[in-house]
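According to our numbering, the stretch in the sequence shown is residues 7 to 750, in order. Built from N, CA and C at the ideal position, the CB exists for glycine as well. In this text the structure is predicted, and so the values were computed from the model without any measurement. Before any comments, here is the structure.
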Amino acid sequence: MARTRPPRVRWGTLLALVVPALLTLVTTVVLGVMVTRSTLALSDNVRLTQNLVDGNVRTLSQAQRELLRLESAVVAPGTPADQLELRRALAAQRIQEGTLDYQVQTLGNAGLLARSRALAETWTARVEPLVRTRVAAGTPGVALPAPTALVGRIRDLELGYNQLVSDAEITRKVQASAANGATDELVSGTRALLVVLGVSTLSFVALVAGTVRVLLLARRQQIVAAERLKAARAELQRHSVAVQTTDNPVVITDPDGRAEWVNDAFIRRTGYGLDEVVGRVPGHLLQGPDTDPATVDHMRACVEERREFTCEVLNYTRDGVPYWIALDVRPIVGDDGSVTGFVAVQTDVTKRRLTEEALVAAKEVAEETARAKAQFLASMSHEIRTPLNAVLGLTELLLDTALADEQRDYVTTAHQSGRHLLSLVNDILDFSALDADTLELESAPAEIRGVLDDVSAMLAPVAARSGVGLSCRVDPAVPPLVCTDVTRLRQVLINLVGNGLKFTEVGGVDVSASFESSPDEPAAGRLVVTVHDTGIGIARDRQARIFDPFVQGDTSTTRTHGGTGLGLAISTRIAARLGGGLAVTSTPGEGSTFTLTVPVHVCADGAPGLEPSPRQESVADVTALTVLLAEDDAVNRMVAVSMLGRLGVVADVAEDGQGALDASAATAYDVILMDVHMPRVDGIAATEAIRARGGRQPRIVALTANALEGDRDRLLAVGMDDYVSKPFRLEDLRAALSAVPTPA
Ligand code: ADP
């Protein structure tokens, strides 16, 4: 989900713009007022100047001029009275005008006006009455003598006006120049104010523009943020619908893991209501008696460390019904990076867990069954071997007696059948051990050439009997010593070569061994042994199945060639256990090639001495040995005693372990042939007791029908020296006795 930030108003920027804008505005207004006031003052000055310029002392000058004309009229002889009266009236009018209040402006000050009024009073008091008198006294057409006094007074008055006009002119000039100076000052001040006003207006405009721009930007950001918020809300809504409608229980918790919200699926699955869950740690409600405490600790630790985790845990519903969930918990990280809570999504995995548990149980049962089967087969084989020992021993003894041909045939067949039964029992034991995976393999240095020589020496008589060739070739590249389980390798090769001989009538069997060294590791490689025959071959559709247990080529071959159908099943499993494989190619009527591949390690300095060498054909004289036979089974006792007799050995007999203990305490035997399973004291306990007794110790050779893996080691571990497996042959006994040091 896209994270949207709420639009942030840039108060700092706005303030930075608004405050200067306001200051500028106030300054502009103040400056405006100042400019207006100085402009008004300016206009006053201009008006004053105008007045001064326009309103000169014209009236007074005219008064002076009228006085001059009156004087002329008075002086001139024969001036008619009406003329004189006209001159008087005009002079009186101008003089009167010069006394009016407004003249204070044209004259420049009140002092000058006062002087004008004083002159007017002089006119009224001293001049005008004389003029009136002359007008009244004169007769029309009669000239009056010049009135010297009157003329003098008129002249004085005219001079007064002349002086006043000149003084007024001076005052006007002074005032005009003062007004001009003030005007100049006002003009320059106003100019400066206008400049400041202009600058301040420009800054105001710039600030207003900046403010508008910032506001527009903020608005645009706001719109973008609002759109994002809308999209985020829509996404949130979709998610919340998904979370609400999903079948997976979902819990949202605070950072300490206490539930803040759960969806419907949670309520349905657990049976708890929202109000029961909110504020509580869900685990406290859901975990129960069988919940794994380690898992709970792990979850708690993860929540404390505020980190995500997944796990599977057993929960319980409100009604106590257990169910398994897979839990996926993730922290919710806030804008500042801190964990503000967790989202836990649960998946019900009860079915899978139950299936897994059932599978594990089934596997355990299967393994137990396989073990029981192997155990059963081991017991069976033990039980079969004991009577078989008698059958084979007695028929072998019988064959050594004088018999009619027919009798010899019967006994031979009986003996061969016994041997066949024995190999069958051995195969079944091997197969079940491989199947139950209880067959233990060992790895020891072995000479491959020696193994192939053993196999061909062993089977050469068979080849000779059926008139087919048997050849064996070992590539020089095969290392002299390799590490492998040589016993099992030999077993597989005996089976393959034996089969080849069994199914070939014309031609022969070729065995060849080669070695493919590993490119990465010079000390490792693959041993490849091919067994090729020119026999009957195997039909293509059966080739894969011959490696299955109890499968044979066809029923007719079984009839003709015998066999159990277990050989290849065992061989292929051994090859697999050795890390390799067994494959076949075959053409019916032409022959077959079996290829065994086994990975091996090359032994540089190991000695092949660890591998028990095949027993030498015994030539030692065993007749001088003192021998005790401990055997509980009467028939087998008889067989063993008879065989020993054949070897020229007269043996003492004990019927169980206790008997062996007693007899060996009385007589120092060279060798004790000790059956293992005996009533009261068994062979193992008897051996341990004899060994514990100290003194001169006999060689103890186990006679046992136990043919399972590890039996030999177990017997040697309790103090026995050798081991003869039942059913044994005369030669086996002779070999065991030959290994006993001949008494001095
Ligand atoms: P067995 O030989 O005891 O019957 P195997 O498992 O060794 O059992 O062999 C299974 C079957 O494979 C044999 O019955 C036979 O039909 C066939 N088979 C094995 N080896 C050969 C061979 N070399 N040539 C022809 N058929 C063979």
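Distances from the CA of residue 545 to each of 274, 573 and 595 were compared; the closest alpha carbon is that of 595. When C-alpha distances from residue 604 are compared across 655, 347, 589 and 404, the shortest belongs to 589. Its Cα nearest to that of residue 189, the residue 48 stands out among 109, 25, 48 and 407. When DSSP states are grouped into helix, strand and coil, residue 447 belongs to the coil group. Within 10 angstroms of the beta-carbon of residue 382 lie fewer than 16 other beta-carbons, which makes it exposed.
In the three-state DSSP reduction, residue 683 falls in the coil class, being neither helix nor strand. By the beta-carbon neighbour count (other beta carbons within 10 angstroms, threshold 16), residue 271 is buried.
Here residue 520 is bridged, per DSSP, to 534. In this structure, the alpha-carbon of residue 319 lies about 23 Å from that of residue 369. The segment 366-380 and the segment 346-354 do not touch, with fewer than three beta-carbon pairs separated by less than 8 Å. Between ligand 1 and residue 575, a heavy atom-to-CB distance of less than 7 Å is present. Residue 115 carries a coil assignment under DSSP once its states are collapsed to helix, strand and coil. Between residue 629 and residue 703, the alpha-carbon positions lie close to 19 Å from each other. DSSP places residue 336 inside the beta strand (DSSP E), whose first and last residues are 328-339. At the C-beta level, residue 689 and residue 745 stay beyond 8 Å of one another. At a cut-off of 7 Å, the beta-carbon of residue 539 counts as near ligand 1: some heavy atom of the ligand is closer than that. Of 191, 478, 468 and 439, the smallest CA-CA separation from residue 510 is found for 468. 503 is the residue among 526, 132, 503 and 671 whose C-alpha sits nearest the C-alpha of residue 598. Per DSSP, the unbroken beta strand (DSSP E) holding residue 706 starts and ends at 705-710. Bridge pairing for residue 597: 593 [DSSP]. Residue 500 has its Cβ no nearer than 7 Å to any heavy atom of ligand 1.
One alpha carbon belongs to residue 522, the other to residue 669, and they sit about 58 Å apart. Around the beta-carbon of residue 387, 16 or more other beta-carbon atoms lie within 10 Å, marking it buried. The C-beta distance from residue 73 to residue 98 rounds to 10 Å, too long to fall under 8 Å, and the pair is not in contact. If you check the C-beta of residue 536 against ligand 1, you find no heavy atom less than 7 Å away.
Per DSSP, residue 108 is not a residue of any alpha helix (DSSP H), being assigned neither H nor E. For residue 432, the CB stays at least 7 Å from every heavy atom of ligand 1. When the beta-carbon positions are compared, residue 426 and residue 405 stay at least 8 Å from each other.
Spanning the alpha carbons of residue 684 and residue 538 requires a straight line of approximately 48 Å.
Going by beta carbons, residue 572 and residue 556 fall inside the 8 Å limit. Rounded to whole angstroms, the gap between the alpha carbons of residue 606 and residue 577 is 17 Å.
Its Cα nearest to that of residue 351, the residue 331 stands out among 393, 496 and 331. Under DSSP, residue 547 takes part in no beta bridge, so it has no partner. Cα atoms of residue 32 and residue 42: separation of roughly 15 Å, rounded to the nearest angstrom. Going by C-alpha positions, residue 593 is about 32 Å away from residue 435. Across the structure, residue 582 and residue 253 are spaced so that their CA atoms are roughly 47 Å apart.
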